[in-house]
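Asks: Below you will find the structure I want to go over with you.
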RNA sequence: GGCCAGUUGGUGAAGUGGCUUAACACACUGCCCUUUCACGGCAGCAUUCAUGGAUUCGAAUUCCAUACUGGUCACCA
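In this note's numbering, the protein residues as written are 197 to 755.
What follows is the structure, encoded as structure tokens:
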């Protein structure tokens with residue numbers, strides 16, 4: 197009875213399919229039902245999204261992948277859902293040592309809440325694809341049993357020849373129709389190959405028709421019409437590991453992912469993926485195909501690249517001390533452009549309070565604009581308290597500027613007071629776009645950094661005149677007890693030397709004066725800081741203290 | 001080459017047939033405020049939405065062609 201079936205083409209008969217499955221996967225005991233039981237439907241509230249970021253462990257996270265992980269994380273968080281990190285390491289050639297840990301570290305640096313991941317685990321693991329091979333085999337065996345998969349023994353040379361022939365004949369390239377040679381192998385032929393020790397790949401037995409269309413809805417791009425898949429794609433490679441598509445379907449189903457966010461380049465293989473979902477009879481998740489983060493390279497716009505663009509690396513931001521939160525705020529504006537306006541009106545809120553939607557996402561690729569990011573960062577830092585800025589600055593300096601770190605921790609209160617100049621008020625100063633900006637703007641507050649001074653005198657350059665001003669100031673007008681008193685005295689000093697104490701008077705009759713109180717203030721400012729550009733001079737003087745002020749002014753007098 | 005998508009100022013973009021003489025933000029320019037700078041305020045910055053045609057009383061928005069840009073066609077993800 198069984199022998200009668202041996203010549204029958206595989207896939208055409210339930211009994212042969214079962215026999216073939218035993219032949220191909222004799223030791224597979226796990227079944228789909230076992231998996232369904234082990235990884236049941238998640239018990240989440242209505243509308244909760246289960247999302248995932250599924251990178252290959254090929255290196256550090258960069259801006260592009262950080263953005264690609266920001267999106268599913270945001271959607272999972274705002275719906276009280278689950279965010280999963282899954283490692284797609286089925287291509288052994290590309291994986292690097294420690295890759296998983298690096299990715300996880302980078303994401304955690306950016307405060308992503310990852311509910312399930314390879315290191316901390318989760319109920320739906322393993323989260324590394326090469327640790328899921330047993331599961332894939334069970335699913336592969338199932339497809340053989342229902343006649344939707346078959347072994348293929350074609351060699352690389354045969355496939356190359358096929359491609360060449362197709363190219364010459366200007367036909368579509370791929371393993372389909374009459375080119376799918378192994379599709380009609382009989383049980384006996386398969387057995388013979390196996391007895392020979394021939395390696396095989398498992399292929400999908402496609403039922404699609406390339407001349408017919410399939411319509412599907414993408415959350416971002418809308419309704420898309422594509423030709424059906426008719427290619428017998430590889431389900432399991434000869435080394436027993438599945439390529440992307442098969443693993444995607446099995447994993448996203450078993451992890452009960454509801455929303456698949458992935459690179460837009462997968463869109464053309466959606467018909468194939470849908471055929472797989474349908475072959476298994478699983479409920480298809482919603483797809484959102486993401487446009488890659490782009491960058492302008494001369495005249496052309498291209499995908500941001502780890503190798504070509506220094507600003508693609510995360511280290512670019514950590515080295516500069518650009519706050520993670522600012523990067524995320526920038527991502528939020530790229531994600532939904534109506535976010536920015538909302539945020540302007542809700543300055544006290546976090547981006548997490550905003551409701552992001554897929555249909556507000558742009559259909560063309562967002563262009564990365566460092567200038568814009570720095571502006572967002574500048575605004576973000578300006579709103580922090582002095583303690584927050586100090587804490588973040590210390591954290592940054594500890595790794596990137598040891599000398600400065602030593603200094604600011606030695607003078608903690610003093611530094612906080614400096615950082616607090618014109619901060620913690622309704623319209624704070626916006627001096628720093630990143631933490632590495634700070635030192636260059638406040639160095640003069642520290643004697644340790646105040647050396648090799650090059651004075652940038654403004655309108656008054658005559659050194660004798662400068663000395664006269666400083667001398668008189670120290671002798672007669674120095675007073676920092678109160679801001680009004682302080683400025684009154686500077687006005688008196690100006691007038692005594694023939695400068696206008698009142699700006700309006702000076703503007704009305706500039707010819708009556710040698711200059712104005714602005715010029716006098718400038719001399720004081722430069723004498724203490726070497727720079728014409730500083731925050732509020734009164735605050736600076738108050739913090740510097742009399743001793744430092746005298747020392748610095750006297751240094752100029754003695755020269 | 002086949003298939004798919006996109007194309008709105010210097011930049012990111014809003015826009016889903018009349019409220020658009022195209023929002024908002026970044027950048028830039030000018031003015032005001034001001035002891036410097038920054039902040040802030042005001043003003044300027046696309047007569048036009050890749051190009052051509054069609055539908056309509058009316059089009060950035062619908063349709064058709066063309067051009068350009070990107071993606072994809074692996075035992076890579």
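Glycine is no exception: its CB is placed at the ideal position from the N, C-alpha and C atoms.
Taking only three categories from DSSP, how would you classify residue 433?
Replies: What you label residue 433 is simply residue 237 of the first chain in a count that begins at 1. Here residue 433 sits in coil by DSSP.
Asks: In angstroms, rounded to a whole number, what distance separates the CA positions of residue 273 and residue 279?
Replies: On the first chain, residue 273 is found 77 positions in, with the first residue counted as 1. On the first chain, residue 279 is found 83 positions in, with the first residue counted as 1. If I take the Cα positions, the gap works out to 8 Å.
Asks: How would you write the range of the alpha helix (DSSP H) that residue 721 sits in, first residue to last?
Replies: Translated into the one-based positions of the first chain, residue 721 becomes position 525. Note, residue 721: alpha helix (DSSP H), 713-725.
Asks: Can you list, in chain order, the residues of its chain with a C-beta nearer than 8 Å to that of residue 722? Leave out the 5 residues immediately preceding and following it.
Replies: Walking along the first chain from the start, residue 722 turns up at place 526. 651, 652, 653, 654, 728.
Asks: Work out the CA separation of residue 623 and residue 301 for me, nearest whole Å.
Replies: Mapped onto the first chain, residue 301 falls at position 105. Mapped onto the first chain, residue 623 falls at position 427. Rounded to whole angstroms, residue 301 to residue 623 spans 36 Å at the Cα level.
Asks: Sorted by chain position, which residues of the same chain lie with C-beta nearer than 6 Å to residue 198's C-beta, five sequence neighbours on each side aside?
Replies: If you number the first chain from 1, residue 198 lands on position 2. No answer about residue 198 holds up, because its pLDDT of 39 lies below 50 and its placement is not dependable.
Asks: Based on Cα-Cα distance, which residue from 684, 275, 429, 432 lies nearest to residue 549?
Replies: Stepping through the first chain from its first residue, residue 549 is reached at position 353. Among 684, 275, 429, 432, the Cα nearest to that of residue 549 is on 275.
Asks: According to DSSP, is residue 421 part of a helix, a strand, or is it coil?
Replies: As a first step, residue 421 is located in the first chain; it is residue number 225 there, counting from the start. Residue 421: strand per DSSP, three-state reduction.
Asks: For residue 267 and residue 321, I'd like the C-alpha separation in whole angstroms.
Replies: For the purposes of this step, residue 267 is taken as the residue at position 71 of the first chain. For the purposes of this step, residue 321 is taken as the residue at position 125 of the first chain. Going from the Cα of residue 267 to the Cα of residue 321 covers about 22 Å.
Asks: Pop quiz: residue 401 and residue 345 are said to be a contact at Cβ under 8 Å. What is the actual Cβ separation, rounded to whole angstroms?
Replies: Walking along the first chain from the start, residue 401 turns up at place 205. Walking along the first chain from the start, residue 345 turns up at place 149. Going by Cβ atoms, the distance from residue 401 to residue 345 rounds to 6 Å, so yes, they are a contact pair.
Asks: Are the beta-carbon atoms belonging to residue 375 and residue 358 less than 7 Å from one another?
Replies: In the first chain, the residue the question calls residue 375 occupies position 179. In the first chain, the residue the question calls residue 358 occupies position 162. Yes, the Cβ-Cβ distance between residue 375 and residue 358 is below 7 Å.
Asks: Tell me whether residue 636 sits in a helix, a strand or coil according to DSSP, three-state version.
Replies: By one-based count along the first chain, residue 636 stands at place 440. Three-state result, residue 636: helix.
Asks: Do residue 719 and residue 649 have their beta-carbon atoms positioned less than 7 Å apart in this structure?
Replies: Taking the first chain and counting its residues from 1, the one referred to as residue 649 is at position 453. Taking the first chain and counting its residues from 1, the one referred to as residue 719 is at position 523. No, the Cβ-Cβ distance between residue 649 and residue 719 is not below 7 Å.
Asks: Hey, residue 500 and residue 573: beta-carbon distance below 7 Å or not?
Replies: Here residue 500 refers to the residue found at position 304 when the first chain is read from its first residue. Here residue 573 refers to the residue found at position 377 when the first chain is read from its first residue. No, the pair does not count as a contact, with Cβ atoms beyond the cut-off.
Asks: Can you say whether residue 621 is buried or exposed, counting buried as having 16 or more other CB atoms within 10 angstroms of its CB?
Replies: If you number the first chain from 1, residue 621 lands on position 425. Per the 10 Å Cβ criterion, exposed.
Asks: Exposed or buried, residue 481, counting other C-beta atoms within 10 Å across all chains shown (16 or more means buried)?
Replies: Here the question's residue 481 lines up with position 285 in the first chain. That one is buried.
Asks: Pull up the CB-CB distance for residue 343 and residue 213, whole angstroms please, since I reckon it's below 8 Å.
Replies: Sequence index remark: in the first chain, residue 343 carries index 147 (1-based). Sequence index remark: in the first chain, residue 213 carries index 17 (1-based). About 5 Å separates the two Cβ atoms, so the contact holds.
Asks: Excluding the 5 residues flanking residue 331 on each side, which residues of the same chain have their C-beta closer than 8 Å to its C-beta?
Replies: Taking the first residue of the first chain as position 1, residue 331 is located at position 135. Counting only Cβ-Cβ distances below 8 Å, and skipping sequence neighbours, we find 226, 231, 446, 450.
Asks: Check for me: the alpha helix (DSSP H) holding residue 248 runs from which residue to which?
Replies: For this step, residue 248 is matched to residue 52 along the first chain. No alpha helix (DSSP H) holds residue 248; the beta strand (DSSP E) holding it covers 246-249.
Asks: Compare the beta carbon distance of residue 509 and residue 258 with 7 Å and say whether it is the shorter of the two.
Replies: As a working mapping, residue 509 is identified with position 313 in the first chain. As a working mapping, residue 258 is identified with position 62 in the first chain. Contact flag set, yes.
Asks: In the DSSP output, which residue or residues are listed as bridge partners for residue 317?
Replies: The residue you call residue 317 lines up with position 121 of the first chain. BP columns for residue 317 point to 313.
Asks: Indicate whether residue 335 and residue 396 have their beta-carbon atoms separated by less than 7 Å.
Replies: Here the question's residue 335 lines up with position 139 in the first chain. Here the question's residue 396 lines up with position 200 in the first chain. Not a contact, by the Cβ cut-off of 7 Å.
Asks: If we ignore side chains and look at the alpha-carbon of each, how far apart do residue 713 and residue 682 end up?
Replies: One-based indexing of the first chain puts residue 713 at position 517. One-based indexing of the first chain puts residue 682 at position 486. Taking the straight line from one Cα to the other gives about 13 Å.
Asks: At the level of alpha carbons, what is the spacing between residue 427 and residue 489?
Replies: For the purposes of this step, residue 427 is taken as the residue at position 231 of the first chain. For the purposes of this step, residue 489 is taken as the residue at position 293 of the first chain. Going by the C-alpha atoms only, they are around 31 Å apart.
Asks: How is residue 518 classed by DSSP in three states: helix, strand or coil?
Replies: As a first step, residue 518 is located in the first chain; it is residue number 322 there, counting from the start. Three-state result, residue 518: coil.
Asks: By alpha-carbon positions, which one of 460, 431, 536, 514 ends up nearest to residue 473?
Replies: The residue given as residue 473 occupies position 277 in the first chain. Of the candidates 460, 431, 536, 514, the one whose C-alpha sits nearest the C-alpha of residue 473 is 431.
Asks: With respect to the beta strand (DSSP E) encompassing residue 483, which residues constitute its N-terminal and C-terminal limits?
Replies: Residue numbering aside, residue 483 sits at position 287 when the first chain is read from its first letter. Here the beta strand (DSSP E) through residue 483 covers 482-486.
Asks: Nearest to residue 454 by CA position, among 249, 584, 223, 288, is which residue?
Replies: Within the first chain, residue 454 is the residue found at index 258, counting from 1. Measuring from the Cα of residue 454, the nearest candidate turns out to be 249.
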